[in-house]
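**Q** Residue numbers (the UniProt record's numbering), protein chains in the order written: chain A, 1 to 188; chain B, 1 to 188; chain C, 1 to 188; chain D, 1 to 188.
Every residue, glycine too, gets a C-beta built ideally from N, C-alpha and C.
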């Protein structure tokens, strides 16, 4: 089923100002096009697009200001390509997992979502731990391998294999499957 | 201790468009001045002021838009008196309790807060259930009786007595105690 | 629907050794028969029966020992009448709400339960706050008025009315409805 | 500080009856002695020892029965060596993370614990995801590399490195540090 699916973008609005941020930025650039394509397809199909994003310590700021700040840091080039649309959802996450102390689970329940397409960075930290929280809550997972990036390719591959092995996630790239078919291979 | 205290305003940015909203509005008007006074004192003392507020179904809207919408509904008169300042915190809560699926607990931990001053509406629903979630997480509570309102005075009184009895909350009005002293009477 | 319903017994295995315990015990005795009847009907219909119970500070003890300790305190007379059967579920709750830091939600999801019959004590504390946590998680509620008790009848009535008003709970006594019909009146 | 430290044993009471269980068993045998030593030291120092363990689908069974069942499966040899003592804590976890829908966080708060020694299996699944939930809750972590095992050594090493990198966990083996010193190197 397609209409119970949501596309999640994790930490793509990103200062990239931390240690290792340069490497992460280099590895993130090549996944931007795949994410933009997937987002376009999701929106054409009427699926919800949900940004789940760190607040970068800006607890008192509006989402608009968090985005503005990130636009003026090292992550600029990526940020400007993936800016949220008016009708996208935007959830601030204060820690690694997008489910920890956020309204993500309630929003997904409100939207009738059971299948999650997880994209974004870092594949071996915030994507991985969001994925496990999703798995424990019994969401089906597609984590397209061409839509996540980490500081090193090896770490990203390890995380993808771990999601496949321990969460039954589909990790096929967007070139090999699509929103219609990606969840037929997960353990429903 | 004063500097580990935060002031919480619950659902004061409110459409009041639901059944019973007119009664709640009438009972809310008289508490606005006490809340504004308390907020001024909190800010003079450098204490964090945190709005914890329903999204009124506006899942995709920014906080600014939620406020704007509420300004143009039945709650207008109250909303305009208690608008958040630039440096206030604003947390959207999707359900009754301010702790359920929100970042409130993490924000309070980040701010080093152990004592909560709970104000707002409705005293017998969102304030009450936020209070119990706070009590289960071992926060000390001051719920000033002149800073909460419900659809009926009797229901508000019952809720206040329940918070005193089952959560050891101080329910003295702001005329009888203050931020300095209110938490000396709670079970620390 | 009947087969997605579970019967919950809250804190019925109870030392009753706290302040107010004598009054609570007196008010609890008259509800025991209604609870036992409901439990028999639930089991005849193959519905899960779930005890959700305080650990009375016995963190290191087995459930068997917690029960044994409570059997030898003021609550004895009640405890012996409502002892769990071999095939009942038993969940320890460390705080007021049966959902807070317990596996109750996951167990209910595992069992496919959407409708909860809440019974037990105290009606205005642990039953009330468990009910709101259930409501926020979108369970339908039947809280039979003859199956909960509090320290005073007035407090119990206030809590029942609050559950009806703010959580759309059915609070009809078991003499006026039954497991088949009780959930037809809730907001599904 | 030593007295705010607890030793956690994850899924050591284990049927090992799943796919890959034979490999996991082979890799678990060599870590048993290190865990037993650590447990003896913890108990000599008066530190709490907490088993956090899957229920292997036995939702209605007592902890005693879960242990008994695991004793009669492939994991027997390991289970018998690490049986809990009378005064150990035993928490059932229904999913990967020891914090998800369990009372672990509340128990640790009740015990005043801030430092966790995480041991057990599988290092790249339940230990890893418990570790991240602990990190998000701001516990300091020691995950001794000689006290966790996974289906393959490579996967275990990857998980350990990830915990070091993303959670600032100390992953020194018990031969290189001890309970006194292990937490001086973590980001306090």
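#1: Rounded to whole angstroms, what is the Cα-Cα separation between residue 188 of chain A and residue 103 of chain C?
#2: What are the start and end residues of each continuous beta strand (DSSP E) run of 3 or more residues lying completely inside the stretch 104–143 of chain B, in chain order?
#3: Just tell me which of B:132, B:93, B:46, B:32 has its CA closest to the CA of residue 164 of chain B.
#4: On the DSSP letters alone, give me the boundaries of the alpha helix (DSSP H) that residue 28 of chain B sits inside.
#5: If I measure Cβ to Cβ from residue 63 of chain B and keep anything under 8 Å in the same chain, skipping five residues before and after, which residues do I get?
#6: Helix, strand or coil for residue 13 of chain D per DSSP?
#7: What residues of chain A sit near residue 125 of chain D, judged by a beta carbon separation below 7 Å?
#8: Identify whether residue 7 of chain A lies in helix, strand or coil by the three-state DSSP scheme.
#9: So which residues of chain C does residue 87 of chain D contact, with C-beta pairs closer than 7 Å?
#10: Quick one: what's got a C-beta closer than 6 Å to residue 128 of chain B's C-beta in the same chain, skipping five residues either side?
#11: I'd like the span of the alpha helix (DSSP H) that includes residue 35 of chain A, first residue to last.
#12: In this structure, how does DSSP classify residue 86 of chain D when only helix, strand and coil are distinguished?
#13: Excluding the five sequence neighbours on either side, which residues of its own chain have a C-beta within less than 8 Å of the C-beta of residue 150 of chain B, listed in chain order?
#14: So what's residue 178 of chain C in DSSP terms, helix, strand or just coil?
#15: By a C-beta neighbour count over all protein chains shown, 10 Å radius and 16 as the cutoff for buried, is residue 181 of chain D buried or exposed?
#16: To which residues of the same chain is residue 35 of chain A closer than 8 Å at the C-beta, ignoring the five residues directly before and after it?
#17: Could you confirm whether any beta carbon from chain D is found closer than 9 Å to the beta carbon of residue 155 of chain A?
#18: Would you mind giving the Cβ-Cβ distance between residue 99 of chain D and residue 161 of chain D, rounded to the nearest angstrom? I have them listed as a contact below 8 Å.
#19: Report the neighbours of residue 150 of chain D on chain C: residues whose CB is nearer than 7 Å to its CB, in chain order.
#20: Using a Cβ-Cβ cut-off of 9 Å, state whether residue 169 of chain B counts as contacting chain C.
#21: By a C-beta neighbour count over all protein chains shown, 10 Å radius and 16 as the cutoff for buried, is residue 144 of chain A buried or exposed?
#22: Who are the near neighbours of residue 41 of chain B in its chain, counting only those whose CB is closer than 8 Å to its CB and skipping five residues on each side?
#23: On the criterion of 16 or more Cβ atoms from any shown chain inside 10 Å, does residue 15 of chain C qualify as buried, or is it exposed?
#24: Which word fits residue 140 of chain A, buried or exposed, when buried means at least 16 other C-beta atoms lie within 10 angstroms of its C-beta?
#25: So, is residue 175 of chain A buried or exposed, given that buried needs 16 or more other C-beta atoms within 10 angstroms?
#26: Among A:167, A:152, A:53, A:48, which has the Cα closest to the Cα of residue 111 of chain A?
#27: Do you know offhand how far residue 77 of chain C's Cα is from residue 87 of chain A's?
#28: Report, in whole angstroms, the separation of the C-beta atoms of residue 72 of chain D and residue 183 of chain D, which I expect to be a contact under 8 Å.
#29: What does DSSP give as the partner residue(s) for residue 51 of chain D in the beta ladder?
#30: Could you tell me whether any non-hydrogen atom of the ligand ADP is closer than 8 Å to the CB of residue 32 of chain A?
#31: Assign residue 1 of chain D to buried or exposed, taking buried as 16 or more other Cβ atoms, counted over all protein chains shown, within 10 Å of its Cβ.
#32: Mapping the DSSP letters down to three states, classify residue 159 of chain B as helix, strand or coil.
#33: Looking only at its own chain, which residues have a Cβ that is under 6 Å from the Cβ of residue 113 of chain C, when we skip the five neighbours before and after it?
#34: How about residue 12 of chain B: is its C-beta nearer than 9 Å to some C-beta of chain A?
#35: What span of residues does the alpha helix (DSSP H) with residue 151 of chain A cover, start to end?
#36: Which residues bound the alpha helix (DSSP H) around residue 65 of chain A?
**A** This is what the structure gives:
#1: Any reading at residue 188 of chain A must be qualified, since the residue scores a pLDDT of 43, below 50, and its modelled position is unreliable; the value itself is stated next. Straight-line Cα distance between these residues: approximately 22 Å.
#2: 115–121, 140–142
#3: B:132
#4: 21–28
#5: 90, 92
#6: coil
#7: 166
#8: strand
#9: 60
#10: 159
#11: 32–44
#12: coil
#13: 24, 27, 121, 122, 123, 124, 125, 156, 159
#14: coil
#15: exposed
#16: 9, 12, 82, 119, 120, 147
#17: yes
#18: In fact, because the Cβ distance is near 22 Å, the residues do not count as touching under 8 Å.
#19: Near residue 150 of chain D there are no residues of chain C at all, since even the closest Cβ is about 25 Å away, more than 7 Å.
#20: no
#21: buried
#22: 178, 179
#23: buried
#24: buried
#25: exposed
#26: A:48
#27: 60 Å
#28: Contact flag wrong, Cβ pair sits at about 38 Å.
#29: D:9, D:90
#30: The ligand ADP is not part of the structure shown, which contains no ligands of any sort.
#31: For residue 1 of chain D, the predicted model reports a pLDDT of 46, less than 50, meaning its position is unreliable; a value from the coordinates is still stated below. Exposed: under 16 other Cβ atoms inside 10 Å.
#32: helix
#33: 4, 6
#34: no
#35: Careful: residue 151 of chain A lies outside any alpha helix (DSSP H) and carries neither H nor E.
#36: 63–71
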